[in-house]
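Working notes, structure below.
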Amino acid sequence: MGEDQHNSAPSGRHRWQHFLRETVLTLTLAVGVFLGVQAWLTRDTPPRWVDSGTVDWLLPDGTQHRGTLDQLRERLGVPADAPVALHVWATWCSICRLEESNVTALARDHPVITVATRSGDARAVRAHLRQRGLPWVTILDPDGRLATAHGWRSVPVFAVLQADGRLRHVTVGYTTGWGMRWRIAVNLLSPA
Numbered sequence: 333m334g335e336d337q338h339n340s341a342p343s344g345r346h347r348w349q350h351f352l353r354e355t356v357l358t359l360t361l362a363v364g365v366f367l368g369v370q371a372w373l374t375r376d377t378p379p380r381w382v383d384s385g386t387v388d389w390l391l392p393d394g395t396q397h398r399g400t401l402d403q404l405r406e407r408l409g410v411p412a413d414a415p416v417a418l419h420v421w422a423t424w425c426s427i428c429r430l431e432e433s434n435v436t437a438l439a440r441d442h443p444v445i446t447v448a449t450r451s452g453d454a455r456a457v458r459a460h461l462r463q464r465g466l467p468w469v470t471i472l473d474p475d476g477r478l479a480t481a482h483g484w485r486s487v488p489v490f491a492v493l494q495a496d497g498r499l500r501h502v503t504v505g506y507t508t509g510w511g512m513r514w515r516i517a518v519n520l521l522s523p524a
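Residue numbers (this note's numbering): 333 to 524.
Laid out in structure tokens, this is it:
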């Protein structure tokens, strides 16, 4: 009787295979759900930046300027053919706060332009940036028109904005620092 019980009990190898199979299935399901949600959240994102003419922006020193996106890129010294990271956020967004250090760290190594959407006028955004210690270049989108034109109903949004205006690797929701860097690296390796 004891021998039968021993033979019917799963061996360590079978338990490991079962665990591995369940883990792979769970991870596959999780990735599928994540990609499905991202596809839904970015379904109205156009393939290119929607030119809104002139915009107002704040530089890290708090000064306010006005011009086109190309003029902003030029002012920042971004090479004409270089992509920039684009981060859309709002002062009232708690997930955006969790992402702040990722964006700030990325900006040390790569050009980043942020967009403060539905966050008030220049004074309110400037105060928020100073209070949070965020040295960001920030386009002002007080009424959300810019975000709406791109189909972004939620924040935060992260994307790679190519020099020719194409938007790539758009994600909505929290993006890790390595996730941001990975999207930029993939874009640089495969800009088409």
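Ideal Cβ positions, reconstructed from N, Cα and C, are used throughout, including at glycine.
Count the other CB atoms within 10 Å of the CB of Val356; is the residue buried (16 or more) or exposed (fewer)?
Exposed, since its Cβ has fewer than 16 Cβ neighbours within 10 Å.
Cα separation between Leu352 and His346?
Between Leu352 and His346, the C-alpha separation is close to 10 Å.
Ile445 to Trp348, Cα distance in whole Å?
Going from the Cα of Ile445 to the Cα of Trp348 covers about 47 Å.
On the premise that Val457 lies in contact with Val420, defined as a C-beta separation below 8 Å, what is that separation, rounded to the nearest angstrom?
The pair is not a contact, with the Cβ atoms about 13 Å apart (cut-off 8 Å).
Would Glu431 and Pro392 qualify as a contact pair, given that the criterion is a beta-carbon distance under 9 Å?
No, the pair does not count as a contact, with Cβ atoms beyond the cut-off.
Taking all protein chains shown into account, do 16 or more other C-beta atoms lie within 10 angstroms of the C-beta of Thr508, making it buried, or fewer, making it exposed?
Classification of Thr508: exposed, given that the 10 Å Cβ count is below 16.
Helix, strand or coil: which one does DSSP assign to Met333?
For Met333, the predicted structure reports a pLDDT of 49, less than 50, and the residue's modelled location is therefore unreliable. A value from the coordinates is still provided. The answer is coil: DSSP assigns Met333 none of H, G, I, E or B.
Does the ligand GDP have even one heavy atom less than 8 Å from the beta-carbon of Phe351?
The ligand GDP is absent from the structure shown, which contains no ligands of any kind.
Taking buried to mean at least 16 other C-beta atoms within 10 Å of its own C-beta, is Leu418 buried or exposed?
So Leu418 ends up on the buried side.
Per DSSP, which residues does Asp473 bridge with? Please list them.
Partner(s): Thr449.
Alpha carbon to alpha carbon, what distance is there between Ser343 and Arg485?
Cα to Cα, the separation comes out at about 51 Å.
Could you pull out every unbroken beta strand (DSSP E) segment of at least 3 residues lying fully inside the stretch 361-434, listed in chain order?
As far as the stretch 361-434 is concerned, its whole beta strand (DSSP E) runs of at least 3 residues are 387-390, 396-399, 416-421.
State the DSSP-derived secondary structure class of His442, mapped to helix, strand or coil.
Note: His442 maps to coil in three-state DSSP.
Give the secondary structure of Val487 by DSSP, where H, G and I count as helix, E and B as strand, and everything else as coil.
Coil, per DSSP.
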